[in-house]
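Chemist: Residue numbers (this note's numbering), protein chains in the order written: chain A, 804 to 1075; chain B, 10 to 294.
Glycine residues also receive a C-beta, built at the ideal position from the N, C-alpha and C atoms.
No experiment lies behind these values; they were computed from the predicted model shown.
Mind looking over this structure? Questions follow.
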């Protein structure tokens, strides 16, 4: 490859890195800038560095509560999916039963169902069940909406488990559940790790369900909190930037720490 | 294996999925055939609610915005992802890992937060975009990006692309790395320049990934809500209205249950048809 081609390609790579990172950098700067510096321009370096914005949103605007609510909901959704989807994925991958194809198709159809398309009925149902304005009212539908993806992914993961190992455990007289827990789960660990990360990510990012289900201020999640902060104090840019950073920093850190596992999970189901 | 444990293994996932997704879908379909008053079903009216679709100009505008969103997504993030993956594939494993991580970071950011950040970049008074244009002497191009009908949808698509192109890079990279290297070696012996290898080997062999990403993008373009809701809420006017925001407004703000159900059914029919096409095409390969 000649030098000109190579250099122009490097420039393209760098330009897109700038596109990816510049908005993040901008928020970081804004979150550490005091109000009076705002009109010095978006790229002026904040000096002195302010932590006041973080302190203010964390203590006064309720972001410590929003953060813990998001953590609680995302953790609960993740656990719920982890307790159910691997079993179902395993049944679809390794067990014979009537209606298998039809049931799997039912799950597959759900892969693309958007939350807004079911909210018209879901909202009334949650009301009837007394789940409006409760965390459970967000957790259950969210886990259900993520279920098709989780089951689909788990089926792919479980198909990789060698039949001989499963047969050996059956011949030892182990019950299917015992065999699943002692033989299959340890082998599927990387897949389970990916599932955990992806479900946690999607759940943390969710906006519509917490927006319509939760009404009490102290129950709201970080995405809803960040969005409402934008509306409420339209001018507190430092505060909004700090809030935005609190909302996405854990995800970015998690992703960078476990890139491989994340990417494997997100590309699950993609054709090679 | 007998079928009893299979049912038991399936049951927890199935119950949760049925209770909060399948049943609500069936209810939405049923709701669309009734007239409603104050959230209470009155009587069966057949397709009467559906006839409103024809005269609802917001619905058609929303649908066209969803379609434009698909085209823009195919034109920008998908192509960018293909090009970046092809370039990256020639570099060292370390570079590949670092760069694909950088490109992927925006996807980990909640769309709500992405909308807030970019809302700032587009801010007409002190946003980075107008500031940058000014610095380059292009101040005349500056505008109120999200507040003008002509630029709002495209500006938002740039935000959508920001969160999506890294995903395309990752999918394409995986596929490129499984292409037989001898194909490239043969082309090099023939002295083919980079762009010709890209056009004649990489692009045709990535057909499957392109199909997958294209269908994925089309389905996502029908489903997205957060980004619009947190930035423009469908405005200015109806310039960025999409099906999901139209459903939301019809249900929560107008309170028209029957018609909100109709719009939900239309949305469901579109995404389910797209995914049926996707599965047929991808399985045929």
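List the DSSP bridge partners of residue 46 of chain B.
Modeler: Position 37 of the second chain, counted from the start, is the residue given in the question as residue 46 of chain B. Paired residue(s): B/49.
Chemist: Mind checking residue 981 of chain A: buried by the 16 CB within 10 Å criterion, or exposed?
Modeler: Counting from 1 along the first chain, the entry for residue 981 of chain A is found at position 178. The residue is exposed, with fewer than 16 neighbouring Cβ atoms inside 10 Å.
Chemist: When you compare only the Cα positions, how much space is there between residue 10 of chain B and residue 278 of chain B?
Modeler: The sequence position of residue 10 of chain B within the second chain is 1, counting from 1. The sequence position of residue 278 of chain B within the second chain is 269, counting from 1. With a pLDDT of only 48 at residue 10 of chain B, under 50, the local geometry of the prediction cannot be trusted, and the value read off the model is given with reservation. Near 37 Å, if we compare the C-alpha coordinates of residue 278 of chain B and residue 10 of chain B.
Chemist: Report yes if the C-beta distance between residue 992 of chain A and residue 896 of chain A is below 8 Å; otherwise report no.
Modeler: Here residue 992 of chain A refers to the residue found at position 189 when the first chain is read from its first residue. Here residue 896 of chain A refers to the residue found at position 93 when the first chain is read from its first residue. No, the Cβ-Cβ distance between residue 992 of chain A and residue 896 of chain A is not below 8 Å.
Chemist: Tell me which same chain residues have a C-beta within less than 8 Å of the C-beta of residue 890 of chain A, skipping the five on either side of it?
Modeler: Numbered from its first residue, the first chain carries residue 890 of chain A at position 87. If we look at residue 890 of chain A and ignore the five residues flanking it on each side, its Cβ neighbours are 983.
Chemist: Specify, as a first and last residue, the run of the alpha helix (DSSP H) that residue 190 of chain B falls within.
Modeler: Here the question's residue 190 of chain B lines up with position 181 in the second chain. Note, residue 190 of chain B: alpha helix (DSSP H), 190-198.
Chemist: Kindly say whether residue 69 of chain B, judged by its beta-carbon, lies nearer than 8 Å to any beta-carbon of chain A.
Modeler: Along the second chain, one-based indexing puts residue 69 of chain B at 60. False, the Cβ-Cβ gap to chain A never drops below 8 Å.
Chemist: Quick check: is the beta carbon of residue 1069 of chain A nearer than 8 Å to any beta carbon in chain B?
Modeler: Translated into positions along the first chain, residue 1069 of chain A becomes position 266. Yes, its Cβ sits closer than 8 Å to a Cβ of chain B.
Chemist: So, under 8 Å CB-CB, residue 973 of chain A and residue 873 of chain A are touching, yes? Tell me the CB distance rounded to an integer number of Å.
Modeler: Counting from 1 along the first chain, the entry for residue 973 of chain A is found at position 170. Counting from 1 along the first chain, the entry for residue 873 of chain A is found at position 70. So it is not a contact: roughly 42 Å between Cβ atoms.
Chemist: For the segment 942-1000 of chain A, list the beta strand (DSSP E) runs that are entirely contained and at least 3 residues long, ordered along the chain.
Modeler: As far as the segment 942-1000 of chain A is concerned, it has no whole beta strand (DSSP E) run of at least 3 residues.
Chemist: Quick test of your reading: residue 5 of chain B and residue 260 of chain B, contact by CB under 8 Å. State the CB separation rounded to the nearest angstrom.
Modeler: Only positions 10 to 294 of chain B appear in this structure, which leaves residue 5 of chain B out of reach.
Chemist: Would you mind sorting residue 1075 of chain A into buried or exposed? The rule is 16 or more other CB atoms within 10 Å of its CB.
Modeler: For the purposes of this step, residue 1075 of chain A is taken as residue 272 along the first chain, with counting starting at 1. Because the pLDDT of residue 1075 of chain A is 35, which lies under 50, any placement of that residue in the model is unreliable, and the number read from its coordinates should be weighed accordingly. Its Cβ having fewer than 16 others within 10 Å, residue 1075 of chain A is exposed.
Chemist: To the nearest whole angstrom, what separates the beta carbons of residue 114 of chain B and residue 860 of chain A, a pair I think is in contact under 8 Å?
Modeler: Residue numbering aside, residue 114 of chain B sits at position 105 when the second chain is read from its first letter. Residue numbering aside, residue 860 of chain A sits at position 57 when the first chain is read from its first letter. Not confirmed; about 22 Å, so no contact.
Chemist: Report the neighbours of residue 185 of chain B on chain E: residues whose CB is nearer than 8 Å to its CB, in chain order.
Modeler: No chain E is present in this structure, whose protein chains are A and B.
Chemist: For the alpha helix (DSSP H) that residue 253 of chain B lies in, which residues bound it at each end?
Modeler: On the second chain, position 244 is the one that residue 253 of chain B refers to. Taken as a continuous stretch (DSSP letters only), the alpha helix (DSSP H) holding residue 253 of chain B covers 252-257.
Chemist: Where does residue 852 of chain A fall in DSSP's three states?
Modeler: The count along the first chain starts at 1 and reaches residue 852 of chain A at position 49. In the structure shown, residue 852 of chain A sits in coil (DSSP, three-state: anything other than H, G, I, E or B).
Chemist: Mind checking whether residue 885 of chain A and residue 999 of chain A have CB atoms under 8 Å apart?
Modeler: What you label residue 885 of chain A is simply residue 82 of the first chain in a count that begins at 1. What you label residue 999 of chain A is simply residue 196 of the first chain in a count that begins at 1. Yes, the pair counts as a contact, with Cβ atoms nearer than the cut-off.
Chemist: Just to confirm my understanding: we take residue 906 of chain A, look at its own chain, exclude 5 residues before and 5 after, and list those with CB closer than 7 Å. What are they?
Modeler: Here residue 906 of chain A corresponds to residue number 103 of the first chain, with the count starting at 1. Contacts found: none.
Chemist: Would residue 52 of chain B be called buried (16 or more neighbouring beta carbons within 10 Å of its own) or exposed?
Modeler: On the second chain, residue 52 of chain B is found 43 positions in, with the first residue counted as 1. When all chains shown are included, residue 52 of chain B counts as exposed.
Chemist: Quick check on the burial criterion: 16 or more other C-beta atoms within 10 angstroms. Buried or exposed for residue 876 of chain A?
Modeler: Within the first chain, the letter at position 73 stands for residue 876 of chain A. The residue is buried, with at least 16 neighbouring Cβ atoms inside 10 Å.
Chemist: When you compare the CB of residue 822 of chain A with every CB in chain B, is at least one pair closer than 8 Å?
Modeler: Here residue 822 of chain A corresponds to residue number 19 of the first chain, with the count starting at 1. It does; some Cβ of chain B falls within 8 Å.
Chemist: Specify, as a first and last residue, the run of the alpha helix (DSSP H) that residue 158 of chain B falls within.
Modeler: Indexing the second chain from 1 puts residue 158 of chain B at position 149. Where residue 158 of chain B is concerned, the enclosing alpha helix (DSSP H) stretches over 158-185.
Chemist: Just checking my contact of residue 284 of chain B with residue 943 of chain A at CB under 8 Å: how many whole Å lie between their CB atoms?
Modeler: Reading the second chain from its first residue, position 275 is the one you call residue 284 of chain B. Reading the first chain from its first residue, position 140 is the one you call residue 943 of chain A. That belief does not hold up - the Cβ atoms of residue 284 of chain B and residue 943 of chain A are roughly 24 Å apart, past 8 Å.
Chemist: Find the residues of chain A that neighbour residue 350 of chain B, judging by a C-beta separation of less than 7 Å, and give them in chain order.
Modeler: Examination of residue 350 of chain B is not possible in this model, given that chain B is present from 10 through 294 alone.
Chemist: Looking at the structure shown, is residue 61 of chain B part of a helix, part of a strand, or coil, going by DSSP?
Modeler: Reading the second chain from its first residue, position 52 is the one you call residue 61 of chain B. Three-state DSSP puts residue 61 of chain B in a helix.
Chemist: I believe residue 87 of chain B touches residue 177 of chain B by the beta-carbon criterion, under 8 Å. Please report the beta-carbon distance rounded to the nearest angstrom.
Modeler: Taking the first residue of the second chain as 1, we reach residue 87 of chain B at position 78. Taking the first residue of the second chain as 1, we reach residue 177 of chain B at position 168. Confirmed, Cβ separation roughly 6 Å.
Chemist: If you measure from the beta carbon of residue 149 of chain B to each beta carbon in chain A, is any gap under 8 Å?
Modeler: Against the second chain, residue 149 of chain B aligns to sequence position 140. With 8 Å as the cut-off, residue 149 of chain B does not count as an interface residue toward chain A.
Chemist: Measure the Cβ-Cβ separation of residue 234 of chain B and residue 169 of chain B and say whether it is below 8 Å.
Modeler: Here the question's residue 234 of chain B lines up with position 225 in the second chain. Here the question's residue 169 of chain B lines up with position 160 in the second chain. No, the pair does not count as a contact, with Cβ atoms beyond the cut-off.
Chemist: Kindly indicate which three-state DSSP category residue 231 of chain B falls into: helix, strand or coil?
Modeler: As a first step, residue 231 of chain B is located in the second chain; it is residue number 222 there, counting from the start. In the structure shown, residue 231 of chain B sits in a helix (DSSP, three-state: H, G or I).
Chemist: Chain A beta carbons: is any one of them nearer than 8 Å to that of residue 269 of chain B?
Modeler: Position 260 of the second chain, counting from 1, holds the residue named residue 269 of chain B. Judged by the 8 Å Cβ criterion, residue 269 of chain B is in contact with chain A.
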